[in-house]
Amino acid sequence: MAEVVHVEVGHGEHHDDHHELSFWSKYIFSTDHKIIGFQYLFTGMAMALIGGYFAYVFRMQLAFPGSSIPFWGTLSPAAYNSLVTNHGTIMIFWVAMPVLIAAMGNFLIPLMIGCDDMVFPRINRLSYQIFLLSAIVLLASFFVPGGAFGGAWTSYAPLSAKAQYNSTPFGAPLWLIAVTLEIVAFLLGGINFITTTMNARAKGMKMFDIPMIVWMIVIASILFMCSVGPLVAGAVMLLFDQTLGTAFFDANAGGDPVLWQHLFWFFGHPEVYVVLLPAMGIVAEVTCTFARKKLFSYKLILYSSIGLGILSFFVWAHHQFISGVDPRATYLFTTTTLLISIPVAIMLFAFVATLYGGSIRFTTAMLFALAFTGEFLLGGVTGIWLGSSGTDIYLHDTYFVLAHFHYTFVPIAIIATFAAIYYWFPKMFGRKMNESWGKIHFWGTIIGFNGIFIPLFILGAGGQHRRIYNFQNYPDLAGADMQDMRVFATMSLIVMLVSQIPFLINFIVSIKRGEKAGRNPWKANTLEWVAPSPPPHGNFGPVLPEVYRGPYEFSVDGREKDYWPQNEKP
Amino acid sequence: MPGILESLLPRASSFAVEIDVLFDIITILVGFWFFLVLGYFFYLIFRYRQRDGHKAEYISGETHKQKQAIEIPHYLILVCDVAIIIPTFLVWFNIKIDVPPPDEEVRIVAQQWAWTFYHAGEDKVLGTEDDIVSVNELHVKNNTQYSYHLESKDVMHSFSVPVFRLKQDAIPGRVISGHFKPILEGEWDIQCAEMCGVAHGIMGARIFIKSEAEHNAWLAANTPDSTGAGTLASANQNPSQEKKDQNNG
Numbered sequence: 221m222a223e224v225v226h227v228e229v230g231h232g233e234h235h236d237d238h239h240e241l242s243f244w245s246k247y248i249f250s251t252d253h254k255i256i257g258f259q260y261l262f263t264g265m266a267m268a269l270i271g272g273y274f275a276y277v278f279r280m281q282l283a284f285p286g287s288s289i290p291f292w293g294t295l296s297p298a299a300y301n302s303l304v305t306n307h308g309t310i311m312i313f314w315v316a317m318p319v320l321i322a323a324m325g326n327f328l329i330p331l332m333i334g335c336d337d338m339v340f341p342r343i344n345r346l347s348y349q350i351f352l353l354s355a356i357v358l359l360a361s362f363f364v365p366g367g368a369f370g371g372a373w374t375s376y377a378p379l380s381a382k383a384q385y386n387s388t389p390f391g392a393p394l395w396l397i398a399v400t401l402e403i404v405a406f407l408l409g410g411i412n413f414i415t416t417t418m419n420a421r422a423k424g425m426k427m428f429d430i431p432m433i434v435w436m437i438v439i440a441s442i443l444f445m446c447s448v449g450p451l452v453a454g455a456v457m458l459l460f461d462q463t464l465g466t467a468f469f470d471a472n473a474g475g476d477p478v479l480w481q482h483l484f485w486f487f488g489h490p491e492v493y494v495v496l497l498p499a500m501g502i503v504a505e506v507t508c509t510f511a512r513k514k515l516f517s518y519k520l521i522l523y524s525s526i527g528l529g530i531l532s533f534f535v536w537a538h539h540q541f542i543s544g545v546d547p548r549a550t551y552l553f554t555t556t557t558l559l560i561s562i563p564v565a566i567m568l569f570a571f572v573a574t575l576y577g578g579s580i581r582f583t584t585a586m587l588f589a590l591a592f593t594g595e596f597l598l599g600g601v602t603g604i605w606l607g608s609s610g611t612d613i614y615l616h617d618t619y620f621v622l623a624h625f626h627y628t629f630v631p632i633a634i635i636a637t638f639a640a641i642y643y644w645f646p647k648m649f650g651r652k653m654n655e656s657w658g659k660i661h662f663w664g665t666i667i668g669f670n671g672i673f674i675p676l677f678i679l680g681a682g683g684q685h686r687r688i689y690n691f692q693n694y695p696d697l698a699g700a701d702m703q704d705m706r707v708f709a710t711m712s713l714i715v716m717l718v719s720q721i722p723f724l725i726n727f728i729v730s731i732k733r734g735e736k737a738g739r740n741p742w743k744a745n746t747l748e749w750v751a752p753s754p755p756p757h758g759n760f761g762p763v764l765p766e767v768y769r770g771p772y773e774f775s776v777d778g779r780e781k782d783y784w785p786q787n788e789k790p
Numbered sequence: 003m004p005g006i007l008e009s010l011l012p013r014a015s016s017f018a019v020e021i022d023v024l025f026d027i028i029t030i031l032v033g034f035w036f037f038l039v040l041g042y043f044f045y046l047i048f049r050y051r052q053r054d055g056h057k058a059e060y061i062s063g064e065t066h067k068q069k070q071a072i073e074i075p076h077y078l079i080l081v082c083d084v085a086i087i088i089p090t091f092l093v094w095f096n097i098k099i100d101v102p103p104p105d106e107e108v109r110i111v112a113q114q115w116a117w118t119f120y121h122a123g124e125d126k127v128l129g130t131e132d133d134i135v136s137v138n139e140l141h142v143k144n145n146t147q148y149s150y151h152l153e154s155k156d157v158m159h160s161f162s163v164p165v166f167r168l169k170q171d172a173i174p175g176r177v178i179s180g181h182f183k184p185i186l187e188g189e190w191d192i193q194c195a196e197m198c199g200v201a202h203g204i205m206g207a208r209i210f211i212k213s214e215a216e217h218n219a220w221l222a223a224n225t226p227d228s229t230g231a232g233t234l235a236s237a238n239q240n241p242s243q244e245k246k247d248q249n250n251g
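If you're matching them up, the sequences are chains L and E in order.
The numbering used here numbers the first residue of the first sequence as 221 and each following residue consecutively.
The numbering used here numbers the first residue of the second sequence as 3 and each following residue consecutively.
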């Protein structure tokens, strides 16, 4: 392994800033990686509330079609489509991405690799500002004439390309501009994550001493950069079709509508792994700390994640089995899609194996990490029915698909995020969150989540398609049994949403009144726990930590303490 | 014993049974792994919970023997993957590539937000004057091999007949052909499975599967005269049909 050269970054140019800063320079226009991490986190949480509210409205419509919905009113078909579309868009691009990659990456990477800031702090600030702008553009689309775009989060052309088809002359371009801006923001952020990790590690931190979550964010950023090019190109082409009258995706003028699908899914499927990998990283950190165990086969997990990333570029067309691509192509895409089960299984098995021989503490963070493993297992295996082209003929675009990807995305974007928040909250704010309220939050979230999506597997297998505004129009689907399941799923959603109230109260109250945490309340090994809680500007003070060992040296034989911080001298 | 899907929805096409059986094969293989891993996971959580005087073990997972705990299951998963891929290929080939010669043809045109069906009349040839045109009603004869030709006038739609286990996107500018053979008389839903605009959610139609005698009676009652709907059907022929793309179904 090459010798690690420590580069002091970012911090140098802030020396002048160490005097008392105004509120605006400290919290709004800060270049401090932790503040930018908070900005992403809070924006992501706010957008999650909006996305959750949308889900509440359209699920109420499905449970009680035609009724007036409390806190909304009567839902029109056009508004239903807009809410479905923007729920998906928001949850993936404005919740999962900012929270898992940007918030975690920004807050954790410099702290965990033992440096004082990102390599490019001003680019980092710009990244958040562009992201915020993208969120404003998206939300603004609800208030323009014609309303927000309602052509599904996949935005298939030519529906998305012509206002005459989608009836949202301003909403559709604004949706596209917002997504494109958001992508630009994450490209800038990703550059920082990769460069910082490669160049600014603490003295002594070799490649295999890097904590798993940092690796995962770096690999996810590389994956994102490699996959996003086609989507940006496609987005520009689609914007031209919408606004300049070009015909890239218009069959009547020589374009090809299926081209958009290829460009979209070439990005869209790796995107799943872009958000999955940081979530896996979170689970690795939390599981090791609370099982008091070394991560089972660090290198195998790392290599699997790289293999997963590479393989993810060869699976996109499994979204297009029935979209008119050459049917012979499905042989390749079925095979690659099913093979991707192997690296994912290796990673999940490693988390399960990490529990073996452990001493498990059931903190709220650990409960969420364990729940991730169990729930994601179901999400992963249900992908097999859809990766198999034979069964996909029937299941494609049914509620089975919807249940499957929520069993992957909810563990990723919601459950793993909660594990991260409960785990790193003491570092973020110097205080712990209340564990009793945390457990109420945990059980409400998990019970509600499973109550929503298990019925949807059955509805999907029963032939019910997604994005249908009113099932009473379909005699085969209007039966009482199916309607009961829809009502049950909607009630479960309300349980899940209401369960977030104790979390929000706990979060806000604990910032000021939580139990004081100290530097290392969980007795963990990684470098962020060496810094004060909360870490000051510059993180570690004048002397940066040095690293002597890997991040997961728990319960080492012959040591009195069951943890061995990375910076503790041998 | 009925398959899982059949217990939720009847099978009404000749190839539905293949998809149902494949679904069951996957369910058995995946279910085995899911419950095995989940069971072991809960066992570990219970067995290794924190107790007084109990210290965790130092296991790196890097030794050859330890790594086998993951390597052996993943070889077994690979075997299961192959056990799924082979029947998947067979089902896909039978349904989508090996297209049987048709007895009857039907032309399906999707548009925002309705389905137009062109039934070949008694001459069994599409595009002639005895074509019967109907909106949101597809009439087919039981136990008859059909070839369908799917088009879209505007945006993406998806022709889905859940009881047939059939789904195919309709793409503007293309004519996509496929096949089905009804095997169960009755009346069922057709859904649009691709988001197609404001009224996508109510773009439903019905398929009527009748016996030969009943179907012939329907044909006789609805066959247009020389000034009727048949003329309309001919006038509406989509020029893109000439670019017929036969390889999809």
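From the three backbone atoms N, C-alpha and C, an ideal C-beta is built for every residue, glycine too.
Considering only the alpha carbon of each residue, which of the options lies closest to residue i?
i	options	result
L:Ser-543	E:Phe-91, E:Gly-123, E:Ile-173 and E:Ala-122	E:Ile-173
E:Asp-171	L:Asn-344, L:Gln-540, L:Leu-464 and L:Thr-618	L:Gln-540
L:Phe-620	L:Gly-680, L:Gly-671 and L:Leu-515	L:Gly-680
L:Arg-779	E:Glu-107, E:Gly-123, E:Glu-124 and E:Lys-57	E:Lys-57
L:Glu-437	L:Gln-692, L:Glu-491 and L:Pro-389	Before going on, a small fix: residue 437 of chain L reads as Ile here, not Glu. Residue L:Glu-491 is the option with its Cα nearest to L:Ile-437.
E:Gln-9	E:Gly-175, E:Val-23 and E:Lys-69	First, the amino acid is wrong: residue 9 of chain E is Ser here, not Gln. Here the closest residue by C-alpha is E:Val-23.
L:Ala-570	L:Val-535, L:Leu-559, L:Pro-631 and L:Lys-513	L:Lys-513
L:Gly-827	L:Val-434, L:Gln-684 and L:Phe-363	In the structure as shown, chain L begins at 221 and stops at 790. Residue 827 of chain L is therefore absent and cannot be evaluated.
E:Leu-186	E:Gly-203, E:Ile-204 and E:Phe-210	E:Phe-210
L:Leu-717	L:Gly-668, L:Arg-769 and L:Pro-785	L:Gly-668
E:Val-81	L:Leu-559, L:Leu-615, L:Gln-259 and L:Ala-398	L:Leu-559
Starting from residue i, find everything on chain L with Cβ-Cβ shorter than 9 Å and list it in chain order.
i	result
E:Ser-174	The question names Ser, yet the displayed sequence has Pro at residue 174 of chain E. Pro-378, Asp-470, Ala-471, Asn-472 and Pro-477, listed in chain order.
E:Glu-106	Ordered by position in chain L, no residue passes the 9 Å Cβ test against E:Glu-106, which lies about 22 Å from the chain.
E:Lys-183	Simply none; closest approach about 15 Å.
Which chain E residues sit within Cβ distance under 8 Å of residue i?
i	result
L:Ala-511	Tyr-50 and Ala-58
L:Lys-514	Tyr-60, Ile-61, Ser-62 and Gly-63
L:Tyr-300	Gly-203
Less than 8 Å between the beta carbons of residue i and residue j, yes or no?
i	j	result
L:Gly-671	L:Met-702	no
E:Glu-64	L:Ser-517	yes
L:Ala-633	L:Val-319	yes
L:Leu-443	L:Tyr-493	yes
L:Leu-407	L:Val-456	no
E:Val-93	E:Thr-118	no
L:Asp-777	E:Tyr-60	yes
E:Ile-110	E:Leu-152	yes
L:Ala-355	L:Met-267	yes
L:Phe-662	L:Lys-652	no
L:Thr-574	L:Leu-515	yes
At 7 Å on the CB atoms, spell out the chain L contacts of residue i, in chain order.
i	result
E:Ala-71	Ala-573
E:Ser-46	Looking at the sequence itself, residue 46 of chain E is Leu, so the reference to Ser does not match. The answer, in chain order, is Val-572, Leu-575 and Tyr-576.
E:His-76	Ile-562, Ala-565 and Ile-566
E:Lys-98	Pro-547
E:Trp-190	Asp-696
E:Thr-90	Thr-554, Ser-608, Ser-609 and Gly-610
Whose Cβ in chain E lies nearer than 7 Å to the Cβ of residue i?
i	result
L:Asp-704	The contacting residues do not exist; L:Asp-704 stays about 14 Å from chain E at best.
L:Arg-687	Met-197, His-202 and Gly-203
Can you pull the chain L residues whose beta carbon is under 8 Å from the beta carbon of residue i, in chain order?
i	result
E:Gly-206	Asn-693 and Tyr-694
Does the region 290–306 of chain L touch the region 723–742 of chain L, meaning 3 or more C-beta pairs lie closer than 8 Å?
-> no
For the 8 Å Cβ check, are there 3 or more pairs between the region 274–286 of chain L and the region 316–336 of chain L?
-> no
Are the region 581–595 of chain L and the region 490–506 of chain L in contact at 8 Å, needing three or more beta carbon pairs?
-> yes
Members of the region 155–175 of chain E near chain L, C-beta cut-off 8 Å | Asp-156, Val-157, Met-158, Ser-160, Ser-162, Pro-164, Val-165, Arg-167, Leu-168, Lys-169, Gln-170, Asp-171, Ile-173, Pro-174 and Gly-175
Three CB pairs or more closer than 8 Å across the region 16–35 of chain E and the region 91–108 of chain E | yes
At least three beta-carbon pairs within less than 8 Å, the region 462–481 of chain L to the region 417–424 of chain L = no
Using a Cβ-Cβ cut-off of less than 9 Å, list which residues of the region 404–433 of chain L approach chain E; keep chain order.
-> none
Taking only beta carbons into account, state which residues of the region 297–329 of chain L come closer than 7 Å to chain E, listed in chain order.
-> Pro-297, Ala-298, Tyr-300 and Asn-301
Which residues, in chain order, does the region 134–152 of chain E contribute to contact with chain L at a C-beta distance below 8 Å?
-> none
Positions along the region 26–40 of chain E whose CB lies within less than 7 Å of some CB in chain L | Ile-28, Val-32, Trp-35, Phe-36, Val-39 and Leu-40
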